[in-house]
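The listed protein sequences correspond, in order, to chains X and C. Per the numbering used here, numbering through the first sequence is continuous, rising by one, with the last residue being 297. Per the numbering used here, numbering through the second sequence is continuous, rising by one, with the last residue being 297. Have a look at the structure below, then the notes.
Protein chains: 2
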Amino acid sequence: MPLYGAIEAGGTKFVCLVGTGPENVRGRVRFPTTTPEETLSRAAAFFQQADEPLLALGIGCFGPVDLNPDSPTYGYITSTPKPGWQNVDVVGYFQKTLGVPVAFDTDVNAAALGEHLWGAAQDVRTFVYITVGTGIGGGAMVEGRLIHGLIHPEMGHMRIPHREEEDPFPGICPYHGDCLEGLASGPALAARWQEEPHRLPADHPAWDLEARYLGLAIANLVCTLSPERIILGGGVMHQTHLFPRIRHVVRETLAGYVQHPALLDHIDQYIVPPALGDDAGIFGALALAIQVTRSA
Amino acid sequence: MPLYGAIEAGGTKFVCLVGTGPENVRGRVRFPTTTPEETLSRAAAFFQQADEPLLALGIGCFGPVDLNPDSPTYGYITSTPKPGWQNVDVVGYFQKTLGVPVAFDTDVNAAALGEHLWGAAQDVRTFVYITVGTGIGGGAMVEGRLIHGLIHPEMGHMRIPHREEEDPFPGICPYHGDCLEGLASGPALAARWQEEPHRLPADHPAWDLEARYLGLAIANLVCTLSPERIILGGGVMHQTHLFPRIRHVVRETLAGYVQHPALLDHIDQYIVPPALGDDAGIFGALALAIQVTRSA
Chain X
2 MPLYGAIEAG GTKFVCLVGT GPENVRGRVR FPTTTPEETL SRAAAFFQQA DEPLLALGIG
62 CFGPVDLNPD SPTYGYITST PKPGWQNVDV VGYFQKTLGV PVAFDTDVNA AALGEHLWGA
122 AQDVRTFVYI TVGTGIGGGA MVEGRLIHGL IHPEMGHMRI PHREEEDPFP GICPYHGDCL
182 EGLASGPALA ARWQEEPHRL PADHPAWDLE ARYLGLAIAN LVCTLSPERI ILGGGVMHQT
242 HLFPRIRHVV RETLAGYVQH PALLDHIDQY IVPPALGDDA GIFGALALAI QVTRSA
Chain C
2 MPLYGAIEAG GTKFVCLVGT GPENVRGRVR FPTTTPEETL SRAAAFFQQA DEPLLALGIG
62 CFGPVDLNPD SPTYGYITST PKPGWQNVDV VGYFQKTLGV PVAFDTDVNA AALGEHLWGA
122 AQDVRTFVYI TVGTGIGGGA MVEGRLIHGL IHPEMGHMRI PHREEEDPFP GICPYHGDCL
182 EGLASGPALA ARWQEEPHRL PADHPAWDLE ARYLGLAIAN LVCTLSPERI ILGGGVMHQT
242 HLFPRIRHVV RETLAGYVQH PALLDHIDQY IVPPALGDDA GIFGALALAI QVTRSA
């Protein structure tokens, strides 16, 4: 049986996998993201040890990345603040080292694709996947196609109402201060409350505020993309008590304007965790690899 | 030569047109939106007088509308606040009266399609069309497909930062108060400044505030949809001095985070007026009619 390779290339760790889907994983490894040279060669070495030659490799990558196939820097990580990783040719490295077709997208678009193929978005064609963790990012599919456009979405940098009299925390985004990521990412929680987020108890005021910001952002996504489902993953969303709070804020914010049973009657099936859990990204990268062989 | 019919169905006026494109208009009429019976029959009578039988009819309609082909109320105007127009079967009326295929979408999706076929978005596949007038609405195409999703986008109801200490105006949206439409539509301008918007001089503080709200919303659209172009139409945008102000706010808000020449070097070609001017909607409706015969 032909095998595919997948990389979830994150700013703190890389996950590499060989297989054909969630039911057939033939190998898997995880290691920290250090220098590009060390990290990429470690990934390549893993794939070179696979039982069978790979048909293709899929990469879901932290960004910003260049996704324009006509660009001379297609497949590069571009203007990331991560030291050493600016202008790294990720796709070129693996094409050269492994000699197979390489599919490339953002980590969140990959996760969206994974959930579409094997997870919580199998029955819809227009939906959003959002990760709330070290950063906040979003991938989306519209009528069955992942959004790329000018570059790719950067949903975490959306501006939302921030009432400074109630919440004087200025936000931690180095570019925007109090954008969504600046107010509601894991590091923002840690900085605001001077505590690791997972140590804040469920009745801590941190969580109502967190749900408020995420709910406002999701209501904006409903107004903009009209998604049929919204999937919320990432480390912060391991706090499962956030889901009912966020759903409440979304309904309150939309105030009955968008009249659809998904929002009015079944919002618990509308705003959901990823069915693949923390594996949405790596299986999404695998889905990218499978897609590229089909379209070739 | 086969002819197509088009209706731009607005809350205050209907425009009907017969032709094949902007270069070949065979008839056109415009009348106020009164009762559904009177307005729809007046439109039907116009098409029945056409020189040749129509191949198809396209309708760009005020909303909310039901765009789900599998729904029993497909082609209806649904929960509009406009008296008498709730639950009106627009598509069914014209199918029965004219006996031709009827294509149906929102007024702003139609305008987006018109600009894609004949206007300012011919060279891009992912873009947004926004109208700022009596209301604020947005239509969008992603990778060549109009966004529908759950219902359709309602971009005017996005929440943006509203500093009440600087601008205590509470907004006029009956659902949300200070959503984008509540703060920045034509009626919001009129209510805040107690003056018809077109009578406010270009150096009035109204316009910097207007540009601020529209610029914040457009920056959010850049983060969410990653559009390759943004087209701003509608009556308020007849104030052409708004364009440079809005472009300035968008760049200031994104703060260099989205690094692309379109935003950094050529923003005057990125945020633009519709090339079809106030005719984007009616020609978009015509484009819907042409599309439906091709896909049939």
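In this text, a Cβ means the ideal position worked out from N, Cα and C, and glycines have one as well.
Extent of the continuous alpha helix (DSSP H) to which residue i belongs
| i | result |
| --- | --- |
| X/THR98 | 91 to 99 |
| X/LEU41 | 37 to 49 |
| X/ARG213 | 206 to 226 |
| C/GLY285 | 281 to 296 |
| C/VAL109 | 108 to 119 |
| X/LEU190 | 187 to 194 |
| C/LEU264 | 262 to 265 |
Whole-Å CB distance - residue i paired with residue j, under 8 Å assumed
| i | j | result |
| --- | --- | --- |
| C/LEU56 | C/LEU4 | 7 Å |
| X/GLY20 | X/LEU287 | 7 Å |
| X/VAL156 | X/HIS117 | A small correction: the amino acid at residue 156 of chain X is Met; Val does not occupy that position in the sequence shown. Actually they do not touch by this definition, with Cβ atoms about 17 Å apart. |
| X/HIS153 | X/ASN221 | Rounded, the Cβ-Cβ distance is 18 Å, inconsistent with contact. |
| C/PHE128 | C/ILE232 | 7 Å |
| X/GLY61 | X/LEU277 | With a Cβ gap of about 12 Å, X/GLY61 and X/LEU277 do not count as contacting. |
| X/GLY76 | X/GLY285 | Actually they are not in contact, since the Cβ atoms of X/GLY76 and X/GLY285 sit about 17 Å apart, beyond 8 Å. |
Contacts of residue i in chain C (Cβ-Cβ under 8 Å)
| i | result |
| --- | --- |
| X/HIS149 | THR127, GLU144, SER227 |
| X/MET2 | Chain C residues near X/MET2: none, gap ~32 Å exceeds 8 Å. |
Chain-ordered chain X contacts of residue i [CB-CB under 7 Å]
| i | result |
| --- | --- |
| C/ILE152 | SER227, VAL259, HIS261 |
| C/ASN1 | It is not possible to answer for residue 1 of chain C, since the shown part of chain C is limited to 2 through 297. |
| C/GLU182 | Here the premise fails: no neighbours, minimum Cβ distance about 10 Å. |
Run of the beta strand (DSSP E) containing residue i, from where it starts to where it stops
| i | result |
| --- | --- |
| X/ILE8 | 4 to 10 |
| X/ASN25 | 25 to 33 |
| X/ARG230 | 230 to 234 |
| X/LEU55 | 55 to 62 |
| X/GLY257 | Unbroken run through X/GLY257: none, as it is neither H nor E. |
| C/ALA141 | 137 to 143 |
| X/LEU18 | 14 to 22 |
| C/THR74 | Where C/THR74 is concerned, there is no enclosing beta strand (DSSP E), given that its DSSP letter is neither H nor E. |
| C/ILE131 | 128 to 133 |
Interface residues of chain C facing residue i [CB-CB closer than 9 Å]
| i | result |
| --- | --- |
| X/PRO162 | ARG160, ILE161, PRO162, HIS163, ASP179 |
| X/GLU253 | Per Cβ cutoff of 9 Å: no residues; X/GLU253 is ~10 Å from chain C at best. |
Within chain C, partners of residue i - CB distance below 7 Å
| i | result |
| --- | --- |
| X/SER313 | Residue 313 of chain X lies beyond the residue range present for chain X, which begins at 2 and ends at 297; the question has no answer from this structure. |
| X/GLU38 | Ordered by position in chain C, no residue passes the 7 Å Cβ test against X/GLU38, which lies about 24 Å from the chain. |
| X/GLU24 | Chain C residues near X/GLU24: none, gap ~30 Å exceeds 7 Å. |
Residue from the options whose Cα sits closest to the Cα of residue i
| i | options | result |
| --- | --- | --- |
| C/ARG295 | C/PHE170, C/PRO102, C/GLU24, C/GLY216 | C/PRO102 |
| X/VAL66 | X/ILE78, X/PRO73, X/ILE60 | X/ILE78 |
| C/LEU215 | C/LEU226, C/HIS163, C/PRO82, C/LEU68 | C/HIS163 |
| X/HIS177 | X/HIS158, X/THR34, X/ASP168, X/GLY85 | X/HIS158 |
| C/GLN270 | C/PRO245, C/TYR258, C/LEU18 | C/PRO245 |
| X/ILE272 | X/CYS174, X/GLN195, X/GLY140, X/GLU229 | X/GLU229 |
| X/ARG43 | X/TYR94, X/ASP71, X/TYR75, X/ALA192 | X/TYR94 |
| X/ARG160 | C/THR81, C/VAL251, C/LEU68 | C/VAL251 |
| X/THR36 | X/VAL91, X/ASN25, X/ASP209, X/VAL30 | X/VAL91 |
| C/GLY12 | C/PRO206, C/GLY236, C/THR34, C/GLY183 | C/THR34 |
| C/GLY139 | C/PHE105, C/ILE219, C/GLY76 | C/ILE219 |
| X/PRO54 | X/GLY234, X/ALA185, X/GLY6, X/GLN195 | X/GLY6 |
| X/LEU210 | X/HIS267, X/GLY236, X/ASP279, X/LEU181 | X/LEU181 |
| X/SER227 | X/GLN260, X/VAL237, X/THR40, X/GLU253 | X/GLN260 |
| C/ASP108 | C/TYR258, C/ASP266, C/LYS14 | C/LYS14 |
| X/ALA113 | X/GLU9, X/LYS83, X/ALA212 | X/GLU9 |
| X/ASP266 | X/ILE283, X/ARG248, X/THR254, X/ALA281 | X/ARG248 |
| X/LEU99 | X/LEU41, X/GLU197, X/GLY150 | X/LEU41 |
| X/VAL16 | X/GLU38, X/LEU147, X/PHE47 | X/PHE47 |
| C/GLN50 | C/GLU38, C/ARG27, C/SER72 | C/ARG27 |
| C/ILE131 | C/LYS97, C/PRO202, C/VAL89, C/ASP279 | C/ASP279 |
| X/ARG193 | X/VAL89, X/PRO274, X/VAL237, X/PHE170 | X/PHE170 |
| C/ASP71 | C/ALA212, C/GLU166, C/ASP179, C/LEU151 | C/LEU151 |
| X/GLY136 | X/HIS149, X/ILE173, X/ASN69 | X/ILE173 |
| X/LEU243 | X/LEU68, X/ALA185, X/GLY285 | X/ALA185 |
Neighbouring residues, chain X, relative to residue i (Cβ below 8 Å)
| i | result |
| --- | --- |
| C/ALA256 | TYR176, HIS177 |
Amino acids of chain X, ordered along the chain, whose beta-carbon sits closer than 9 Å to that of residue i
| i | result |
| --- | --- |
| C/GLU167 | None at all; the shortest Cβ gap to chain X is about 12 Å. |
| C/GLU116 | Here the premise fails: no neighbours, minimum Cβ distance about 16 Å. |
Residue i CB to nearest heavy atom of the ligand NAP below 6 Å
| i | result |
| --- | --- |
| C/LEU118 | Of the ligands one can find in the structure shown there are none, so the ligand NAP has no counterpart to examine. |
Partner residues on chain A for residue i, Cβ-Cβ distance less than 7 Å
| i | result |
| --- | --- |
| C/GLU9 | Any reference to chain A falls outside this structure, whose protein chains are X and C. |
Short of 9 Å Cβ to Cβ, which residues in the segment 54 to 72 of chain C face chain X? Taking 9 Å as the cut-off between beta carbons, the residues of the segment 54 to 72 of chain C near chain X are PRO65, in sequence order.
Counting only Cβ-Cβ distances shorter than 7 Å, please list the residues of the segment 214 to 246 of chain X near chain C, keeping chain order. Among the residues of the segment 214 to 246 of chain X, those with a Cβ less than 7 Å away from any Cβ of chain C are LEU217, ALA220, ASN221, LEU222, CYS224, THR225, LEU226, SER227, PRO228, GLU229, in the order of the chain.
Using a beta-carbon distance cut-off of less than 9 Å, what residues from the segment 193 to 212 of chain C approach chain X? Identification of residues in the segment 193 to 212 of chain C having a C-beta nearer than 9 Å to some C-beta of chain X yields an empty set.
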